[in-house]
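Chemist:
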Amino acid sequence: MSIEFSAERRSFHLRSRDTSYVIGIEKSRYLSSRYWGRMLREWRGPAELPMVERPFVPSSDPEDPRFSLDALPQEYPAFGNGDFRFPAHQVLQEDGSTITELAYSSFRIIPGKPALEGLPSTYVQDEDEARTLEISLVDDLIGLEVVLSYTVFEDLDAIARSARILNKGKRPLTLLRALSASVDFEGSDFELLHLAGDWARERAIVRSPLRSGSQLIESRRGASSHQHNPFLALLSPGADEDSGEVFALSLVYSGNFLAQAEVDRLGGTRLAIGINPFEFSWLLPPGGSFQTPEAILVHSSTGLGGMSSRFHELFRSRLCRGAHRDRERPILVNNWEATYFDFDSGKILALAEEAKELGIELCVLDDGWFGQRDDDRSSLGDWSVDKRKLPLGLGDLASRVGEKGLKFGLWFEPEMVSPKSRLYAAHPDWCLHVPSRPRTEQRHQLVLDLGRSEVRRYIVDSVSSILRSAPIAYVKWDMNRHLTELGSAALPPERQKEAAHRHILGLYEIMGEITRAFPEVLFEGCSGGGGRFDPGILAYMPQIWTSDNTDAVSRLKIQYGTSLVYPCVAMGSHVSAVPNHQVGRVASLEFRGAVAMSGNLGYELDLGALTEAEKGEVARQVAEYKELRKLVQFGDFFRILSPFQGEDAAWIFVSRDKAEAWAVYCRPFARANPPLPVLRLKGLDPGADYLVSGGWGVHGGDELMAAGLPISLEPGDTRSCCLRIKRVG
Ligand code: DGJ
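Sequential numbering of the sequence shown, starting at 1030, is according to the numbering used here.
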């Protein structure tokens, strides 16, 4: 049983493969965080948490001065009645008060996992895969009910948490804060880890000591952003890739988020994640309800590697969905860095012809095929083909690409409008704006107000009609700016602070409708590269363009950091031209290939400009990736050497049955007189023998993992060594 309630101990024990999570009910009212960590056979903790009387602390029980909310580890804390740490929820009432007193009311345990209304979430395919505990808390004075939901994925070893907030009273309530999960730890001897960066350098691993006071990461940009990822982890001191405890939260959401850790006066830690309360409020009329996004809780006692493998497996198999979830993904060529806006059907067909010769399977036409878009100054919103560039239309181009044996893919940026467009001329109020204020542009574009149903209808209809007009097998769904003048002409003044979340709900509705209507189309998310690489998007689009930075040396860190939370199959990774367009570096083609082949392989350059020798190398990479891709896309991934700790990086993909593996060692920069690095493999069967490519012969799995292989690389920058490993006995 993955969820047990003990009436005697007044507690719930949630148990998955290696993890226990225990929730207590204190004083018959307050929900407490009692334990989160390694799996316990049984929970026999005290029915009520012992407390001591402390000076200068309010007590919530006049009969018991020892009992203080400020010292109680809580599951969904309020503010204003004794707990001075940051709250998980805050509700403004008509009289101006924001005090709430949620008391435990009831619980139910149900098989499987209900879907979240209007929001992406993890799911079960079979009701036996998970069980869900719903705990209801009520504040009778104002008729507030909060239903906390905990789904335990037993085998996948993860817990999905969310809250549903209901106004069962007679007066309107306004949510000021409605986080998805909050959990209190009794100590603070942790390090904090998160993923931070900016455009073209997304998701760098940042690790820092946990200090007294609050540390938070957030987005106020209207999207999850390049700058921070909706993920935060606490690490036991010295935890590394393979050892130590990790407690991680990830939010299935693509908009403004907050993830916070607070070390309190007693040295306890409160960790929480959810929609960013900054500039957020939500009016709940009597009878209304609000669903928070879902937070995923993962505990690992085998370091960051254990954390990542849990996230990878859950996200790959029970967050991603649809026909492509388990299908091998095609190797693509994208014309963006090959032509930018300067293309016509002849150039695209020539690119497809070269691609076919090299074994590439999908030809993607990027930005510039619609309206009159010769640069980024116009036409977003006008989703009709530009006959100047494609005189015979998309149907003809896609069919001619198809005749060459390649599938055809197309770029869209559906959430935007260019002020220079027919759409904007017809509907100037369809964008997010505040009347009489200037509309701040970024990349010469404005953001459509996805909270409005007519805007959503327009987007769904215009994208769908293009998808129906031609054999389109793939869509790259881009989003190239963040949100300003966040107001909606469709909302009354008291609801203006709902605009950011309504925008994301609208986005999900659009993405859901389109992806369901075109189940055979493979969708790839994108936001100026990796500006929206988050679990919310993955629920609709099983792959995401990882970064606009295609430089393979930069990509070492970007992909390595991304892999902390997201599976490699989700990462679009392309070989591009040299000198690289973002950083000007000249990396070897072998190195560019090794890095790109470690994700979802594509090419993004003028294939016709390659020398014959280079074409030979690309053809080799493509052929090898076809042999390897099941392993890369659906095998287990282990990080070996971090580019955040030294310059070099290494990793290995191992098939589920441990019969096959592919290890990659990358050295970005030459060094004089270097020591020979030793590559210690991971994930193999220690008792099996493996044949290692490159003349290494047969070695035991134990030897390959413990003693490793000394790697010798040619002198020079951007050298790589890839080893194919096959079980032979
Ligand atoms: C940003 C994307 O990340 C690029 O790959 C490309 O599609 C451009 N937008 C096109 O405008």
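No residue lacks a Cβ here, since even glycine has one placed at the ideal position from N, Cα and C. All values derive from a computational prediction rather than experimental measurement.
Measure the alpha-carbon distance for serine 1605 versus serine 1517 and round it to whole angstroms.
Modeler: As a working mapping, residue 1605 is identified with position 576 in the sequence shown. As a working mapping, residue 1517 is identified with position 488 in the sequence shown. Going from the Cα of serine 1605 to the Cα of serine 1517 covers about 40 Å.
Chemist: Measure the alpha-carbon distance for asparagine 1364 versus leucine 1380 and round it to whole angstroms.
Modeler: Residue mapping note: residue 1364 aligns to position 335 of the sequence shown, counting from 1. Residue mapping note: residue 1380 aligns to position 351 of the sequence shown, counting from 1. Approximately 8 Å between the Cα atoms of the pair.
Chemist: Residues in the same chain with beta-carbon distance under 6 Å from arginine 1402, minus the five sequence neighbours each way, listed in chain order, please.
Modeler: Along the sequence shown, one-based indexing puts residue 1402 at 373. Closer than 6 Å at Cβ, skipping near neighbours: Ser1408.
Chemist: What does the Cβ neighbour count give for lysine 1505, buried or exposed, with the cut at 16 atoms within 10 Å?
Modeler: Your numbering for residue 1505 matches position 476 in the sequence shown. With 16 or more other Cβ atoms within 10 Å, it is buried.
Chemist: Out of Arg1417, Leu1496, Trp1412, point me to the one whose CA is closest to glycine 1424's CA.
Modeler: In the sequence shown, counting from the first residue as 1, residue 1424 sits at position 395. It is Leu1496.
Chemist: Quick one: any contact between the segment 1227–1247 and the segment 1337–1345, if contact means 3 or more CB pairs under 8 Å?
Modeler: no
Chemist: Give me every residue whose Cβ sits closer than 6 Å to any heavy atom of the ligand DGJ, in chain order.
Modeler: Those residues are Trp1365, Asp1395, Asp1396, Trp1440, Asp1507, Asn1509, Cys1555, Gly1557, Gly1558, Trp1574, Asp1577, given in chain order.
Chemist: Run the CB neighbour count on lysine 1142, radius 10 Å, all protein chains shown included, and call it buried at 16 or more, exposed below.
Modeler: Numbered from 1 along the sequence shown, position 113 holds the residue referred to as residue 1142. Buried, since its Cβ has 16 or more Cβ neighbours within 10 Å.
Chemist: Suppose contacts are defined by Cβ-Cβ distances below 9 Å. Is valine 1181 in contact with tyrosine 1050 by that definition?
Modeler: In the sequence shown, the residue the question calls residue 1181 occupies position 152. In the sequence shown, the residue the question calls residue 1050 occupies position 21. Yes, these two residues count as a Cβ contact at 9 Å.
Chemist: Are the CB atoms of leucine 1313 and leucine 1204 within a distance shorter than 9 Å?
Modeler: Within the sequence shown, numbered from 1, the residue matching residue 1204 stands at position 175. Within the sequence shown, numbered from 1, the residue matching residue 1313 stands at position 284. Closer than 9 Å, so yes.
Chemist: Are glycine 1535 and valine 1594 closer than 9 Å when you measure CB to CB?
Modeler: The count along the sequence shown starts at 1 and reaches residue 1535 at position 506. The count along the sequence shown starts at 1 and reaches residue 1594 at position 565. No, the pair does not count as a contact, with Cβ atoms beyond the cut-off.
Chemist: Can you tell me which of the three DSSP states glutamate 1220 falls into?
Modeler: Stepping through the sequence shown from its first residue, residue 1220 is reached at position 191. In this structure, glutamate 1220 counts as strand in the three-state DSSP scheme.
Chemist: Which residue marks the beginning of the beta strand (DSSP E) containing histidine 1728, and which one marks its end?
Modeler: Numbered from 1 along the sequence shown, position 699 holds the residue referred to as residue 1728. Counting along the chain, the beta strand (DSSP E) containing histidine 1728 begins and ends at 1726–1729.
Chemist: Considering only C-alpha positions, which residue in the set Arg1345, Pro1703, Gly1716 is nearest to cysteine 1597?
Modeler: Counted from its first residue, the sequence shown places residue 1597 at position 568. The shortest C-alpha separation from cysteine 1597 is found at Arg1345.
Chemist: If you compare alpha carbons, which of Glu1442, Glu1432, Leu1387 is closest to tryptophan 1398?
Modeler: The count along the sequence shown starts at 1 and reaches residue 1398 at position 369. Considering only alpha carbons, the answer is Glu1442.
Chemist: So what does DSSP say about glutamine 1320, is it helix, strand or coil?
Modeler: Counted from its first residue, the sequence shown places residue 1320 at position 291. Three-state result, glutamine 1320: strand.
Chemist: With DSSP run on the structure shown, which of helix, strand or coil describes leucine 1585?
Modeler: Within the sequence shown, numbered from 1, the residue matching residue 1585 stands at position 556. Here DSSP, grouped into helix, strand and coil, assigns leucine 1585 to helix.
Chemist: Name the two residues that bound the continuous beta strand (DSSP E) containing methionine 1626.
Modeler: For the purposes of this step, residue 1626 is identified with residue 597 of the sequence shown, where counting begins at 1. Taken as a continuous stretch (DSSP letters only), methionine 1626 belongs to no beta strand (DSSP E), as it is neither H nor E.
Chemist: Whole-angstrom Cβ separation of valine 1582 and serine 1627, contact assumed at under 8 Å?
Modeler: In the sequence shown, the residue the question calls residue 1582 occupies position 553. In the sequence shown, the residue the question calls residue 1627 occupies position 598. In fact, because the Cβ distance is near 14 Å, the residues do not count as touching under 8 Å.
Chemist: Classify leucine 1512: buried if its beta carbon has 16 or more other beta carbons within 10 angstroms, exposed otherwise.
Modeler: As a first step, residue 1512 is located in the sequence shown; it is residue number 483 there, counting from the start. So leucine 1512 ends up on the buried side.
Chemist: If you drop the 5 nearest sequence neighbours on each side, which residues of the same chain put their C-beta closer than 7 Å to that of alanine 1699?
Modeler: For the purposes of this step, residue 1699 is taken as residue 670 along the sequence shown, with counting starting at 1. Within the same chain, alanine 1699 has close Cβ partners Pro1744, Gly1745, Asp1746.
Chemist: Taking 8 Å as the cut-off, does the segment 1366–1373 touch the segment 1309–1325 (at least 3 CB pairs, one atom from each stretch)?
Modeler: no
Chemist: Could you round the C-beta distance between isoleucine 1032 and serine 1040 to whole angstroms and report it? I think they count as a contact, below 8 Å.
Modeler: Working through the sequence shown from its first residue, we reach residue 1032 at position 3. Working through the sequence shown from its first residue, we reach residue 1040 at position 11. Contact doesn't hold; Cβ gap of about 11 Å is too wide.
Chemist: Can you look up serine 1178 in the DSSP assignment and give me helix, strand or coil?
Modeler: Start at 1 with the first residue of the sequence shown, and residue 1178 comes out as number 149. Strand, per DSSP.
Chemist: Assign proline 1703 to one of two classes, buried (16 or more other C-beta atoms within 10 Å of its C-beta) or exposed (fewer than that).
Modeler: Walking along the sequence shown from the start, residue 1703 turns up at place 674. Per the 10 Å Cβ criterion, exposed.
Chemist: Is the CB-CB distance between alanine 1290 and leucine 1326 below 9 Å?
Modeler: Along the sequence shown, read from residue 1 onward, the residue named residue 1290 stands at position 261. Along the sequence shown, read from residue 1 onward, the residue named residue 1326 stands at position 297. Not a contact, by the Cβ cut-off of 9 Å.
Chemist: Buried or exposed: phenylalanine 1115, going by 16 or more other Cβ atoms within 10 Å of its Cβ?
Modeler: Sequence index remark: in the sequence shown, residue 1115 carries index 86 (1-based). By the beta-carbon neighbour count (other beta carbons within 10 angstroms, threshold 16), phenylalanine 1115 is buried.
Chemist: Relative to the C-alpha of leucine 1264, which residue among Phe1108, Ser1217, Pro1522 is closest?
Modeler: Start at 1 with the first residue of the sequence shown, and residue 1264 comes out as number 235. The residue with the shortest Cα to Cα distance from leucine 1264 is Ser1217.
Chemist: Do the segment 1191–1204 and the segment 1094–1102 meet, that is, are 3 or more Cβ pairs less than 8 Å apart?
Modeler: no
Chemist: I need the DSSP call for tyrosine 1064, collapsed to helix, strand or coil.
Modeler: For the purposes of this step, residue 1064 is taken as the residue at position 35 of the sequence shown. Strand at tyrosine 1064.
Chemist: Alpha carbon to alpha carbon, what distance is there between valine 1651 and aspartate 1405?
Modeler: Start at 1 with the first residue of the sequence shown, and residue 1405 comes out as number 376. Start at 1 with the first residue of the sequence shown, and residue 1651 comes out as number 622. Going from the Cα of aspartate 1405 to the Cα of valine 1651 covers about 32 Å.
Chemist: By how many angstroms is the C-alpha of leucine 1387 removed from the C-alpha of glycine 1637?
Modeler: Stepping through the sequence shown from its first residue, residue 1637 is reached at position 608. Stepping through the sequence shown from its first residue, residue 1387 is reached at position 358. For glycine 1637 and leucine 1387, the distance between alpha carbons rounds to 11 Å.
Chemist: Under three-state DSSP, which class holds glutamate 1553?
Modeler: Walking along the sequence shown from the start, residue 1553 turns up at place 524. Here glutamate 1553 sits in strand by DSSP.
Chemist: So who's on the other strand from proline 1739, going by DSSP bridges?
Modeler: Within the sequence shown, residue 1739 is the residue found at index 710, counting from 1. In the DSSP output, where bridge partners are listed per residue, proline 1739 has Val1707.
Chemist: Leaving out five residues on either side along the sequence, give the residues of the same chain with a beta carbon under 6 Å from the beta carbon of serine 1330.
Modeler: Mapped onto the sequence shown, residue 1330 falls at position 301. Closer than 6 Å at the Cβ level, and outside the excluded window around serine 1330, lie Arg1067, Glu1274.
Chemist: Assuming contact is defined by CB atoms lying nearer than 9 Å, are arginine 1451 and glycine 1400 in contact in what I supplied?
Modeler: Position 422 of the sequence shown holds residue 1451. Position 371 of the sequence shown holds residue 1400. Result yes, Cβ atoms of arginine 1451 and glycine 1400 sit closer than 9 Å.
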